[in-house]
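Everything on this sheet refers to the single structure shown next.
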Amino acid sequence: MTYTSSGSDEIAELLIHIGRSSRGEDLASPLTAAQWTCLRFFARANRVSRTPSAFASFQVTTRGTASQTIKTLEEKGLLARFRSDRDGRSVRLEITEQGQETLNADPLADLMSVIDLIKPKERAAFLATLSHLSETLAGLKGAQAFGTCKACTHYKSSNGGGYCACIAAELAPDDFGKLCVNFGSGDVVPHPPILSNEIRKGRAQ
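Quick note, the sequence shown lines up with residues 1 to 205 if you use UniProt numbering.
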């Protein structure tokens, strides 16, 4: 049987290859790939998303696995645990000063510097395409999509600031560009169940 590339498979393989080559699993790295992902998440998440369960959803892993990664970063002094300001029962995690310093050696820096070489308009279009891809894939798999406030259906501009209808709260300006576990996108059309079957059939041929 002759193998014919549709282009989609090449894109998927390139995305996986780029991710693996920039994860930072060399022996000189102070953290594992999973720990780097965790540290980045809590540096970029908004205040309501800095929880173990939100990170587990973001990483598409179990709560136990996520908690173990978080515990390791706490032991290293890179994350600190606090009681939630909202209910006092749940916890929130904050990146420490040492954690911020560690991020200065983030292995993704090389990838980001290459992305910075892309023209601004092309970079914005690339970001929009990847965001749509991420949200649609999450919908297909029944997973939680993540995004930022300004692209979210719950976000409303309010008095020069912002308001989140999901949590019924005003948003701080520095929250607008951060990841949110309550992200909602009205642009992603859910795929009908038959699509996943078509994909499986295509892979089997």
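We put the CB at the ideal spot given by N, CA and C, even for glycine.
**Prompt:** Under 8 Å between the Cβ atoms of Ser29 and Pro120?
**Reply:** The residue labelled residue 29 in the question sits at position 29 within the sequence shown. The residue labelled residue 120 in the question sits at position 120 within the sequence shown. Not a contact, by the Cβ cut-off of 8 Å.
**Item:** Cys166 to Arg63 span [Cα, whole Å]
**Value:** Position 166 of the sequence shown, counted from the first residue, corresponds to residue 166. Position 63 of the sequence shown, counted from the first residue, corresponds to residue 63. Taking the straight line from one Cα to the other gives about 23 Å.
**Prompt:** Do three or more CB pairs link the stretch 43-56 to the stretch 92-110 at distances below 8 Å?
**Reply:** yes
**Message:** With a threshold of 7 Å on Cβ separation, who are the neighbours of Gly77 within its own chain once the five nearest residues in sequence on each side are excluded?
**Reply:** Along the sequence shown, one-based indexing puts residue 77 at 77. So the list reads Thr96 and Gln98, once near-sequence residues are dropped.
**Item:** Same chain, Cβ closer than 6 Å to Ala138, five either side skipped, listed in chain order
**Value:** Walking along the sequence shown from the start, residue 138 turns up at place 138. Closer than 6 Å at the Cβ level, and outside the excluded window around Ala138, lie Ala145.
**Message:** Are the CB atoms of Ala143 and Val60 within a distance shorter than 8 Å?
**Reply:** Stepping through the sequence shown from its first residue, residue 60 is reached at position 60. Stepping through the sequence shown from its first residue, residue 143 is reached at position 143. Yes; because the gap between Cβ atoms is below 8 Å, this pair is in contact.
**Prompt:** What's the C-alpha gap between Tyr163 and Arg44?
**Reply:** Here residue 163 is taken as the residue at index 163 of the sequence shown, counted from 1. Here residue 44 is taken as the residue at index 44 of the sequence shown, counted from 1. C-alpha separation (whole angstroms): 19 Å.
**Request:** Label Pro173 either buried or exposed according to how many other C-beta atoms from any shown protein chain fall within 10 Å of its C-beta, with 16 as the threshold for buried.
**Result:** Numbered from its first residue, the sequence shown carries residue 173 at position 173. It is exposed - the Cβ of Pro173 has fewer than 16 other Cβ atoms within 10 Å.
**Message:** Can you look up Thr129 in the DSSP assignment and give me helix, strand or coil?
**Reply:** Translated into the one-based positions of the sequence shown, residue 129 becomes position 129. Three-state result, Thr129: helix.
**Prompt:** Out of curiosity, what's the CA-to-CA distance linking Ala151 and Ser134?
**Reply:** Walking along the sequence shown from the start, residue 151 turns up at place 151. Walking along the sequence shown from the start, residue 134 turns up at place 134. Cα to Cα, Ala151 sits roughly 13 Å from Ser134.
**Asked** Which partner residues does Ser157 have in the DSSP bridge list?
**Response** Against the sequence shown, residue 157 aligns to sequence position 157. Per DSSP, Gly162.
**Request:** Give the secondary structure of Leu78 by DSSP, where H, G and I count as helix, E and B as strand, and everything else as coil.
**Result:** By one-based count along the sequence shown, residue 78 stands at place 78. Note: Leu78 maps to coil in three-state DSSP.
**Asked** Using the beta-carbon count (16 or more within 10 Å), is Ala105 buried or exposed?
**Response** For this step, residue 105 is matched to residue 105 along the sequence shown. Exposed, since its Cβ has fewer than 16 Cβ neighbours within 10 Å.
**Request:** Could you check what DSSP says for Asp48 in three-state terms: helix, strand or coil?
**Result:** As a position in the sequence shown, residue 48 is number 48, starting the count at 1. Per the sequence shown, residue 48 should be read as Val rather than Asp. Val48: helix per DSSP, three-state reduction.
**Message:** Per the DSSP calculation, Glu170 is bridged to which residue(s)?
**Reply:** Position 170 of the sequence shown, counted from the first residue, corresponds to residue 170. Glu170 is bridged to Tyr163.
**Prompt:** Which class does Gly19 belong to by DSSP, given the choice of helix, strand or coil?
**Reply:** As a first step, residue 19 must be located in the sequence shown, where it is residue number 19. Note: Gly19 maps to helix in three-state DSSP.
**Message:** Quick check on DSSP: helix, strand or coil for Thr72?
**Reply:** One-based indexing of the sequence shown puts residue 72 at position 72. Three-state DSSP puts Thr72 in a helix.
**Asked** Taking the alpha-carbon positions, what's the Asp175 to Ala56 distance?
**Response** Taking the sequence shown and counting its residues from 1, one reaches residue 175 at position 175. Taking the sequence shown and counting its residues from 1, one reaches residue 56 at position 56. For Asp175 and Ala56, the distance between alpha carbons rounds to 20 Å.
**Item:** Contacts around Leu171, its chain only, beta-carbon distance under 7 Å, and the 5 residues preceding and following it disregarded
**Value:** As a working note, residue 171 is residue 171 in the sequence shown. Once the five neighbours on either side are set aside, the close Cβ partners of Leu171 are Cys149, Gly161, Gly162, Tyr163 and Cys164.
**Message:** Using the three-state DSSP reduction, which class does Leu111 fall into: helix, strand or coil?
**Reply:** Position 111 of the sequence shown, counting from 1, holds the residue named residue 111. Helix.
**Message:** According to DSSP, simplified to helix, strand and coil, what is Glu198?
**Reply:** Taking the first residue of the sequence shown as 1, we reach residue 198 at position 198. In this prediction, Glu198 scores a pLDDT of 40, lower than 50, which makes its location untrustworthy; no coordinate-derived value is stated.
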